[in-house]
Structures are given as C-alpha cells and as structure tokens.
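Colleague: Before I ask anything, let me first share the structure, which is written out below as structure tokens.
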Amino acid sequence: MSGKYTEYQQLNLPSISEEILAKWKNENTFEKSVTLREGFPPFVFYEGPPSANGMPGIHHVISRTLKDLVCRYKTMQGFQVKRKGGWDTHGLPIELGVEKELGITKEDIGVKISVEDYNKKCREVVMRFKDKWDDITQKMGYWVDLNNPYVTFENNYVETLWWCLSELYKKGYLYESVSIQPFSPAAGTGLSSHELNQPGTYKDVKDTSAVAMFRIIKNEKLKIKNVDGDMFLMAWTTTPWTLPSNLGLTVGPNIDYVLVKTFNPYTHLPVNVILAKNLIGKYFKPEGENGDFENYKSDVKLLPWKVIAEFKGKDLEGMEYEQLLPSEANTLESIRGIVKDANPFHVMIDSFVTTEDGTGIVHTAPDFGADDFRVGQKNNLGYFTIINNRGQREKLVLVDKQGKFVDGVGEFSGRYVKDYKDEPGYVDVNIDIAVKLKLENRAFKVEKYEHNYPHCWRTDKPIIYYPLDAWFIKTTAVKDRMVELNKTINWKPANTGTGRFGNWLENMVDWNLSRSRFWGTPLPIWKTEDGEEELCIGSIAELNSEIKKAAEVLGGETNKHYLHEGILDLHKPYVDEITLVSPSGKPMKRVPDLIDVWFDSGAMPYAQWHFPFENKESFKESFPADFIAEGVDQTRGWFYTLHALAVLLFDSVAYKTVVSNGLVLDKNGQKMSKRLGNVVDPFATINSFGADATRWYLITNASPWDSLKFDEEGIKEVQRRFFGTLYNTYQFFALYANVDGFAFKEAYIPVKDRPEIDQWILSSLNTLIKDVQDNFDAYEPTQAGRAIEDFVNAHLSNWYVRLCRRRFWKGEYEHDKICAYQTLYECLEILCKLMAPVAPFFADWLFNNLNAVSGRFTNESVHHTDFPKVNETVIDTDLEKRMQLAQDISSLILSLRKSKKVNLKVRQPLQKVFIPAMDSTMEARIKKVEDIIKAETNIKEVDILSAENDFIQKKAKANFKTLGKKLGARMKWAAEQIAAFDNATIDKVLESEYLLNPDHAITGDEPVYITAEDMEVATDEIPGYEVAVKGSLTVALDITITDDLKKEGDAREFVNRVQNIRKDSGFNLTDRIDVTVSENAALQPSIIQYKDYICAEILADSLAFTPAINNGIEIEVNDAILQVNVLKKG
RNA sequence: AGAUCCGUAGCUCAGCCUGGUUAGAGCACUACACUGAUAAUGUAGGGGUCUCCGGUUCAAAUCCGGACGGGUCUACCA
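In structure tokens:
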C-alpha cells in the first residue's frame, strides 16, 4: 500500500458506477458481504416480488433504494442480511396482456384456444422483462439474491400455498359462501371490477324510482305514543325489483330523523312517516307545515304535514316492520331454511348511510348489494332459499341468472327485471311494482329518476349486483388478534399503521379468495356433485395418493394420465382433469376457482422456502421479517395478506418493521402514466446521472412516505451540490497529500493535541455519526442523508477546508500539517461509510481511493466494513457552539466589509473589531475562536467588550417564553417596560431579581419579579463604528486604514498577483522562483517593508527592483501599474 | 362517498409534536468578492397576508373546528 491518491479530471458519476459495478462483479462483493457475516445475528428482510411482466419504473427504484439501504446499513452494523429475491408470476395483468396479444377475450379461452395453450403462453410472458429487471437491479445497485429467487408459479411454491390453504381449511377458516359481484344477466356472466371500469360502462339512464313505506309493527324502543294511524319507515330505491328481496332497513347512527304526520299523496290516507330530518324538503313543501289536516281531501294539492317527534338513527335500531311484498318465495320459513336463526325485517345501523339523496333510510336487500350483504351478515338478516328440484334447500335469489323473477314471486314471476331480451312491448316490471305499492298505501313518491348506472361492456345492458359462489378465508375470526398484533409493528410512517391499515383492519370483511380465471393457483378443493362431500388437498403427495385411490375405486378411465408419474403441473387444466373419490365412494371434481394472487405473495414467508416440505430451519430463522418496504399502495395488498396469513397460520406478525413509501409523481405533481407521456425512464436517468445521485435525490428530497415530485433538475443539484463538493474535497486532499506523501503512516495524533479547528470538525463528525446512526436506526434515511449533506457542505467544505487551505500547502511536513491531513482523511473515510448505504458506488469508489494509499483497512469494499462508532469523548458541544459563533461573527464582519459604505476587500487588513459580550460565557467563547475570526476576516485584533462595560448602549427585549407563562395577559405591558430599560436597569436585572412594578401595592396587582433569564440583551449601536447585528450578536468594525495597514494590503495584493502569474505559467506548487519588479514610487515601500513575507508566500529566492523591464508581465496593484518578471529556478 | 397524507419564497423542502414577537435552507435570479479547491468557492440582496375562514390564547405557520385545492387507497351505493 503506497503510491499516490488517484486524481481525476472531473467528476463522472456514471463512470464511477460502471467501474465499481465491474469490481463488485469481479470480486463477488455482494455475496461476500453476506458470507463475511456468517455466524452474526440475522436481520431478516423479505423482498416483495415484482412482476417481470411489466417494465421497471422509477417508482421501483425508490422502494428498492429504501430496501437496499436498510440492508446495507444493517450489514455494516454487524448483521447477516440474506436477501432472497422473488417473482410474482400469476394474476390478471398477465392474463389481460396475453389476451390482448392473442386478440382474444376471456370467453374465447377454452374455445378458440385451449386452456393448456393459453396457460403455456402466460408462462412464457411472465418473465418477458426479466432481463430489464436484472439490468436495473444491477445498475441501481440493488443487492438482492436473484440466483435463487422464489417464483410463484413453480410447483414447490404452489405446493406450499396448498399446504397453507389446507391448514386454514383444517382450522375452519376456509369456507364457501357467496359474494355480491357485478353480473350481466344479458351475457350470463360475472364481470370483474376491471371490466366495469372500461370507458363507457357507466351511463346516465332514467329509471323508475320509488319511495316505499315499511309499516312499523314494533317500536318498543322509541315508545312513541298518541299517534293516530300507522307509522312507516320510508326508503328510496332506484331498483324497485329488489323490493321483494328486502330483508332490512339501514339508518345512520348519528343522523337526525323525524316522525312526520301527514297523508299518503296517492291514497290520501292519514299516515305517519319516518325520514331523515334534513331531507324533509324533498317530500314536503314548507307552506304545508302544520297545514290544514281537518279539511284535507283527495283534491287538495298542498299536503299538510307536521313533525311530531325527532330522534337519532341509533334510537331506531332494532325496530321491526311488516314485510313489504310478501309472496310464496320470500317467506320467513324460506329465509330460515339455511340460516336457521335469521332475523330479517328490522332496522339496522351502519355508517355507510348518507342523507345525500333518498330518505336517509336505506332499503337493504342483501342479495343485490355489496353493502347490503355486508350489513345483512353483520345483523344476521339471512338470505333467501328455496326447495330445489332434488328436494333440497339451497340458496337461491328471487331473480335468476337470466335476470327474471323466479317462480313464487306472485304476479311478477317470470318477468325480466330489465329489458334483457329486447322484447317487443316489454313492460317494465319496476313500474308494476310501484303501482302495486301505490295501491296498497305503500308508496309515497314514484318518479323517473336519472342516474349513472353501470352497463355490461359487451351487451350494453344494465348489470345487476348478484350473489355468486365464492370461497372465503374467515379473517374476521382473527380480527381482534390482527388488530392487537398490528400494534406491535413498527410502521413508518406510524399513521399508515394506525390510520390506513388500522381502519382497514377495523372494518375488515372475510377475504374473498375466488377468481374465475385461468392462470393462477388453483383452489385445491374437490367436491361431489351434490356438494355433500369435499376434500382439501395439502400436498402433491396427498394428491397423488388420492389420484391412485380414485382410480382404484372408480375404475374405468379415471385419472389414467396421472397414474404413472402423478401430477406434474399444479395448474389448470391438469388439476381439473383429475377426479377424486369421496369417503362414500362418489366422484369428486375440483371446484373451478383459482385463488387471489395476493394469497401467492402473502404466503411468501413460507412458500419461498417450500415450507414445510423442505428448509424448515431456514424458515424458522427467517420468520418473522425484521423489515419490509413497499409502496403505500400495498397497504391493503401485500402488507395485509402477509399479516393476515401470519396471524391465521402462526398467530404471529409477519414483519416487525414496515416502511411504506409514497408515490413518484412527475415534476408538476401529476401521476405518471403512459397516456400523459410523463413516465420517467429509470434506465435513462441512471445512465445520465449515475445511480448514486439518483438514489441520493430520491432519498433526501422528501421523506419516503411523502409523494415525490420527480424532477431531473433535483438530481443535477444533488450531483453538483453534494457529490461535486465531496469530490472537490477529495481532490483537494489528494492534491496536497500526494505532494507531501501523506499515507496515514504516522501514529494517530490524539485529538486533544490537534488545533482547535481540527477538534471542532472531528467533534462535528462524531455528532454526525450519532445523528446518522440514530436516523438510520429509526428508518429515517431522509434525515440521515440531509445531515450528511449538511456536514459536507456547511462544515467540511465551506468552513474546515476553506479555513485550513493554507495548512495543506504552507510549511513543512510536520505536526500541524499531519494533524490537518489526519483530520481531513478521517472525515472523508468516515463519510464513505456513513453514505455507503445510500450512495453505494461513490462511497466504495472514494473508500478505495483512500484505502489504496493508506491501507488502513483490509476490507475489499466499504460495504464489508463496520459502521463507524461514535467517539463521545471527541464531541465537545461547547466547541461546536463557539465555532458557530465564529462563523456568525465572521459572516457579519464580511458583510460589513462589502457594504457600500465600507467596501474594503478582505485582502486589505484592518486593525480592530469590537464585539460586545452579553455575558461571561459568550466572552469566553469568543476568546477561544478569536484567531479563527482574525484569519478569516483579515483583522488584527478582536476586542471583546465585557458584559460590564458602559461603552455601549444595551437594549433589553422580553423573553416571551419565560415571562408569558408567568404573566399571561400582562405580557404586553411587561414587554414595553423591559424594552425601555437603560443600561443601569439592565445591569441590575442581570445581577439579581428585579421588581418590575414597584407600585403594585397601590394598584393592587401581584408583584412581578424578573431575572436575567427573562430578557435578552443586545445592542445595535456602538458610537463611531460600522455595526452589524444578528440576534444578540453585534460586531463593530474599525475601518481606519493606517499607513501600515495600507502597506500590508499592498503587499498582499502583490502576492496575489504573483501567485496568479505562477499559476498561469503552469509552475508546480513547489517550484522556487526569482522575481524582478519595475521601480514604482507608490508600491516600492510596501514591497520592501514586507519583502520577507512576500518571498515566503510566493516561494521566491530573490525579489529585486530594476528601473525598467522588457517583456515583463504587467500587473495592477491597488491602482499602480507594475512590470514583473517571474523566473522559475533550475 | 369514506379513510389518509399534503398545502410555508418562482421551484424543492425545514420549522408544527412541545405556541413566544425579524418564519429558515438549498436551487434559480441579481450584484459583488475570491482566484494554488478554479468547469471550484464565498458574501450580500430582492422574493412570504405560512391556502382560506372561524375559535382557543396575553401571543397561532404551530393547537382546535370548518371550508377549499391536490395526491393516494378503498368503495360505488339505496
């Protein structure tokens, strides 16, 4: 280890990335970063599998940066972090992509193309962009093990999924029920939400709407008395055909309702109706209030009405009413046929009710609405059943799949609820239902109503919501446990866990697993035709043995293709070809459903290890995860399914910390979309700016969970401002370290033996270490990154390096210089490590550049080193404070120097600056940084005016914070008093307690005592000097330029000019020179007086005057023109 | 529609939890300085009714309520 630090022409981040990437590949740096930690405690990370079916986008880069930096950080902290990659390979996007490519629709599958060929095609395309993904993974520096990834379509993976399902089945968590889904009677098929979101499916249509009246038969809770006639609950519907299926009414718990006495506008009978208070205006005219009830007749237009009671929705809960349209098919017996204790026809409360339209009371037909079904289940309303032709009770809705009423619904049986068949002379059954209600005194208002209603994209006919068979996981059974365990999870940001996720858990419904698609994990359940017997398969071995058993029992052709090798592929159509046999000897076919792909990814903690069939140890070690991170859109996706399955299967969390990152928007805050053409290409970005700048920008610009407005200008800024500065600092170091041959070979000089400024930057550095570590530990990389940035810019570059420049190029290679080198080297070295998690390429590059010469580490890469440990003994907060003071004072002096009035270059020395110290601490602090101030501002003396001086006029300002608490309303008065203090009073307060209102005995107020801490003392004027003020800090500059000062200024100016000549002539830093100068009356005295100083600065062996110079260089020094000759020696 | 996040300088963001009297930083812009870190650096300046309206308080960018605007997720409803 020796030689020179590599110096560069300019910073080229993309080429650094390339160089380091090649090195990593060569040296297996990633693999080693894991194997080197063998035997260390594990830190478990789960990779949320992306789908290689689509191209990677910039939003993938941000979440992967987040994952990567945490894993790298934890590795440096001494953990072993294995990172198994994975691929999500099932699901609708893949199927839709294939359909589009083949130019087919879902209905064509199994007709125009066999399921076998279709799935083969899906399998081909799932990894279509794997190369692109691998490429971005490498280029962005995301370390993940892609050699042994888990792949969700592989048999092993699916087998574990089956095992999970069978475990759930055994626990009674997997059950068959119905879910309310969009359904097209015209097409005879269910529609996915995707299909429903096709453009043009929602159309404005006019439908017959009805406000139906439900007669109350029990109101024990409300105890309304003295009411003449019947009481009714009013409920509005735009689909009167659902009224025979009504099983309940729902009200909002906190909505105000009223009971109104009035007449039925159709039958003119006296009635009392209940509706939401703020919807009265929809049904009653104001002038009819308390109208003429006595003389109301059928021909009176104005309906009299009167509010006779008022109550909250929750007061209505449980109220029972008479069934609206009873018929043979919807009797209580038929309802209780399957749900034995069903309790329909009462009022329920739920939060989904609004008073936007209707009556504030929602007609609830569980068969035909998702909300209705949910509320119905919660309140045990039951649903309809009838006796089928095999004499069994089965659930059946009052409308069949063709969209017509079934038998037993009275006069409506056989009629289509909408005109699905384009029947000539179709009579709308909804109108007939409304008419019937009118005649029976059960309708209050019937009218055409225009609204937006979804239609089938293929037939253009209105869809209905319809109960379809589906398999569910009973997540609600463990809801409390999920809520409880969720509280132990560290959510970043916290409110996603309590808010978005917490609310989601609170309102959880059972997980509908069923998907009627083709490319996915089949539900491993086989059923007999009558549905009496079923079997849930939990492994390939079990299936194979059942295959054989069925072949033996059932004989014939049964499973003949699967007898030799068993099943080879767990997908459709093969699983569907298999017939199993029930205990009673009946054949069983598989239920046709596939499962939700979210189950695939939610089960990855188990399936990635093919648990429990293999790798039991690996699983045990890696469950639950310490850390996961994905986009916030996964809250109800992956985060939920992981959590649900872990709780259901193992009564455990699946992850201890989860970071959810926000969306990446374009620079105008628009969502990126192909349509708008504002999608950022991550490849182009990384190619032009390098991975480090991109990563740094993504992490430091906004907290990961805030949405990020992506703007290339921001990356450029990071490049210049952060990486550029750090690179310059390194270049500076390398330049001089190479001259002096510094290789950190000398013994480490104790920090306390180094100059104040070295102690200061090292103190700041250790404070930074602490800060960065705390922030990384708290999963706040944005704060960590910003702290590093701030240190590099404000402290290291702008202050330490700038002030210490001379130390590097001046003087011999001895104590002070070595201190400077050791200090700057240490800063750079530590910075490499601190930034390594976020900017892995640059950090490693810088580390290698440094270490190649010093050989301080045997590690091949910064990523194999340990994270820096903070050295508390080096931290000196008082030192950091006084350096801040020095910076503030210098800044004030410099601002004075350049003010129009003064306008004196820094190169012109000045004699003195006065700084009033408001207390002894401040005085001591300034004293210690005096030299720094003098050097920085080129001033000879710093005169600290101690606190007791009378020279300056002090001003006191009330400390609102301390006084406000004590004084309250009298604060304003006190502030005025304090502002008016003279020097003597201020001194008194500083010395001891001071009574602010000596007349308190007379006025009768409480005495007010104030102390030093209750005021801030400052000054804004010092007679006869130029003054600048910042807070309580004041500096006064003596701008008198004596003859001596002038001469010294000339000398410095002269030095500067010669230095320029040296530089322009391309001399080396160490070249010695001879200088000849033309005689000049104005400057000669200065140059002669400061000859020694000048020669030392410009490395001149001689400096001589001659009357005239030919071919010299003309220079201008403070308005004088000189000719100069500068000759390099030797 | 509900949940949630956000709204501070032309732009990107701090500050808000824990209220305190000149609201900060960087970028950009303008001017100046520096010239052995030089495709680097420094200093200064302009630029803000802290989205709006109410409330609490001696005091509100900060706490509370409401409105408006934007993002996301969920839902699609009588």
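Counted from 1, the first sequence has number 592 at position 590 by our numbering; the numbering is strictly sequential.
A virtual CB, placed ideally from N, CA and C, is assigned to each residue, including glycine.
Helix, strand or coil for Lys529, going by three-state DSSP, please let me know.
Modeller: Indexing the first sequence from 1 puts residue 529 at position 527. The answer is strand: DSSP assigns Lys529 an E or B state.
Colleague: Straight-line CA distance for Tyr1 to Val431?
Modeller: Given that the chain is displayed from residue 3 to residue 1132, the structure contains no residue 1 and the question cannot be resolved.
Colleague: Going by C-alpha to C-alpha distance, which of Ile1123, Ala367, Asn514 and Leu261 sits closest to Arg1059?
Modeller: Residue numbering aside, residue 1059 sits at position 1057 when the first sequence is read from its first letter. Looking at the Cα atoms, Ile1123 is the closest of the given residues.
Colleague: Comparing C-alpha positions only, which one of Glu567, Glu531, Glu559 and Thr560 sits nearest to Ala543?
Modeller: Here residue 543 refers to the residue found at position 541 of the first sequence. Checked all of Glu567, Glu531, Glu559 and Thr560; the closest Cα to Ala543 is Glu567.
Colleague: Three-state secondary structure (DSSP) at Asn492?
Modeller: Numbered from 1 along the first sequence, position 490 holds the residue referred to as residue 492. The answer is strand: DSSP assigns Asn492 an E or B state.
Colleague: Within the region 346-420, note down every full alpha helix (DSSP H) run reaching 4 residues or more, in order along the chain.
Modeller: As far as the region 346-420 is concerned, its whole alpha helix (DSSP H) runs of at least 4 residues are 372-380.
Colleague: Between the region 592-608 and the region 546-557, are three or more C-beta pairs nearer than 8 angstroms?
Modeller: No, the region 592-608 does not touch the region 546-557.
Colleague: Let's see if you can read the secondary structure: which residues bound the beta strand (DSSP E) around Glu814?
Modeller: Locating residue 814 in the first sequence gives position 812, where the first residue counts as 1. No beta strand (DSSP E) holds Glu814; DSSP gives it neither H nor E.
Colleague: Closer than 6 angstroms by C-beta to Ser799: which residues in its own chain qualify, once you throw out the five before and the five after it? Chain order, please.
Modeller: Position 797 of the first sequence, counted from the first residue, corresponds to residue 799. Same-chain partners within the cutoff: Thr727 and Thr731.
Colleague: Kindly give me the distance between the Cβ atoms of Glu118 and Lys108, rounded to whole angstroms, as I take these residues to be in contact under 8 angstroms.
Modeller: Here residue 118 refers to the residue found at position 116 of the first sequence. Here residue 108 refers to the residue found at position 106 of the first sequence. No, Glu118 and Lys108 are not in contact; Cβ-Cβ is about 16 angstroms, not under 8 angstroms.
Colleague: Give the straight-line distance between the Cα atoms of Ile389 and Arg338, rounded to the nearest whole angstrom.
Modeller: For the purposes of this step, residue 389 is identified with residue 387 of the first sequence, where counting begins at 1. For the purposes of this step, residue 338 is identified with residue 336 of the first sequence, where counting begins at 1. With a pLDDT of 48 at Ile389, under the threshold of 50, the predicted position of this residue should be treated as unreliable, and no value is reported.
Colleague: Put Ser186 into one of helix, strand or coil per three-state DSSP.
Modeller: Here the question's residue 186 lines up with position 184 in the first sequence. Here Ser186 sits in strand by DSSP.
Colleague: Pairs of beta-carbons, one from the region 701-717 and one from the region 500-512, closer than 8 angstroms: are there three or more?
Modeller: With a cut-off of 8 angstroms, the region 500-512 and the region 701-717 do not count as touching, because too few Cβ pairs lie within range.
Colleague: So what's Tyr1011 in DSSP terms, helix, strand or just coil?
Modeller: For the purposes of this step, residue 1011 is identified with residue 1009 of the first sequence, where counting begins at 1. Note: Tyr1011 maps to strand in three-state DSSP.
Colleague: Could you tell me which whole beta strand (DSSP E) segments of length 3 or greater appear in the region 886-923?
Modeller: The qualifying runs are 912-918.
Colleague: Quick one: residues in its chain with C-beta nearer than 6 angstroms to the C-beta of Asp742, no 5 flanking neighbours on either side, listed in chain order?
Modeller: Along the first sequence, one-based indexing puts residue 742 at 740. Contacts found: Tyr815.
Colleague: Go to Gln11, then tell me how far its alpha helix (DSSP H) extends in each direction, as first and last residue.
Modeller: Your numbering for residue 11 matches position 9 in the first sequence. Taken as a continuous stretch (DSSP letters only), Gln11 belongs to no alpha helix (DSSP H), as it is neither H nor E.
Colleague: Among all the DSSP beta bridges, which residues are the ones paired with Lys263?
Modeller: Counting from 1 along the first sequence, the entry for residue 263 is found at position 261. According to DSSP, Lys263 bridges with Asn274 and Lys308.
Colleague: Mind reading off the beta-carbon distance from Met321 to Asn221? Whole number of angstroms is fine, and I expect it under 8 angstroms.
Modeller: On the first sequence, position 319 is the one that residue 321 refers to. On the first sequence, position 219 is the one that residue 221 refers to. Confirmed, Cβ separation roughly 5 angstroms.
Colleague: Strictly by DSSP, which residues pair up with Cys538?
Modeller: Reading the first sequence from its first residue, position 536 is the one you call residue 538. Ile527, per the DSSP bridge assignment.
Colleague: Would Lys1 be called buried (16 or more neighbouring beta carbons within 10 Å of its own) or exposed?
Modeller: Residue numbering for the chain in the displayed model covers 3 to 1132; residue 1 lies beyond these limits and cannot be assessed.
Colleague: Using only the alpha-carbon positions, how far apart do Ser620 and Asn663 sit?
Modeller: Your numbering for residue 620 matches position 618 in the first sequence. Your numbering for residue 663 matches position 661 in the first sequence. Those two C-alpha atoms are separated by around 29 angstroms.
Colleague: Assign Arg722 to one of two classes, buried (16 or more other C-beta atoms within 10 Å of its C-beta) or exposed (fewer than that).
Modeller: Translated into positions along the first sequence, residue 722 becomes position 720. The residue in question, Arg722, is exposed, as its Cβ has fewer than 16 Cβ neighbours within 10 Å.
Colleague: Does the contact criterion of 3 or more C-beta pairs under 8 angstroms hold for the region 468-481 versus the region 439-450?
Modeller: In short, these stretches do not touch, since the Cβ pair count stays below three.
Colleague: Hey, Ala971 and Ala960: beta-carbon distance below 9 angstroms or not?
Modeller: Taking the first residue of the first sequence as 1, we reach residue 971 at position 969. Taking the first residue of the first sequence as 1, we reach residue 960 at position 958. Contact: no.
Colleague: Does the distance from the C-beta atom of Trp611 to that of Trp640 stay below 9 angstroms?
Modeller: In the first sequence, counting from the first residue as 1, residue 611 sits at position 609. In the first sequence, counting from the first residue as 1, residue 640 sits at position 638. Not in contact: Trp611 and Trp640 (Cβ atoms no closer than 9 angstroms).
Colleague: Kindly indicate which three-state DSSP category Gln1091 falls into: helix, strand or coil?
Modeller: Locating residue 1091 in the first sequence gives position 1089, where the first residue counts as 1. If DSSP states are grouped into helix, strand and coil, Gln1091 belongs with the helices.
Colleague: Taking Cβ positions, are Tyr657 and Ala693 nearer each other than 9 angstroms?
Modeller: In the first sequence, the residue the question calls residue 657 occupies position 655. In the first sequence, the residue the question calls residue 693 occupies position 691. Their beta carbons are not under 9 angstroms apart, which means Tyr657 does not touch Ala693 by this criterion.
Colleague: Assuming Asp469 contacts Asp359 (C-beta within less than 8 angstroms), just tell me the rounded distance between them.
Modeller: By one-based count along the first sequence, residue 469 stands at place 467. By one-based count along the first sequence, residue 359 stands at place 357. Checking the sequence, you will find Pro at residue 469 rather than Asp. Not quite, the Cβ-Cβ distance comes to about 25 angstroms (not below 8 angstroms), so this is no contact.
Colleague: Start and end of the alpha helix (DSSP H) containing Ile219?
Modeller: The count along the first sequence starts at 1 and reaches residue 219 at position 217. Careful: Ile219 lies outside any alpha helix (DSSP H), inside the beta strand (DSSP E) at Tyr204 to Lys220.
Colleague: So, is Leu1071 buried or exposed, given that buried needs 16 or more other C-beta atoms within 10 angstroms?
Modeller: On the first sequence, position 1069 is the one that residue 1071 refers to. Answer is exposed; the Cβ neighbour count stays below 16.
Colleague: Please state if the CB of Val666 and the CB of Ile64 are separated by a distance shorter than 9 angstroms.
Modeller: Working through the first sequence from its first residue, we reach residue 64 at position 62. Working through the first sequence from its first residue, we reach residue 666 at position 664. Yes, these two residues count as a Cβ contact at 9 angstroms.
Colleague: Which residue marks the beginning of the beta strand (DSSP E) containing Arg456, and which one marks its end?
Modeller: Position 454 of the first sequence, counted from the start, is the residue given in the question as residue 456. According to the sequence displayed, residue 456 carries Pro and not Arg. Note, Pro456: beta strand (DSSP E), Ala445 to Pro456.
Colleague: Measuring alpha carbon to alpha carbon, tell me which residue in Phe375, Glu932, Gly587 and Tyr144 is nearest Glu535.
Modeller: Your numbering for residue 535 matches position 533 in the first sequence. Per the Cα distances, Gly587.
Colleague: Helix, strand or coil: how does DSSP classify Gly639 here?
Modeller: Numbered from 1 along the first sequence, position 637 holds the residue referred to as residue 639. The answer is coil: DSSP assigns Gly639 none of H, G, I, E or B.
Colleague: Three-state secondary structure (DSSP) at Arg2?
Modeller: In this structure the chain extends from 3 to 1132, so residue 2 is not present and cannot be described.
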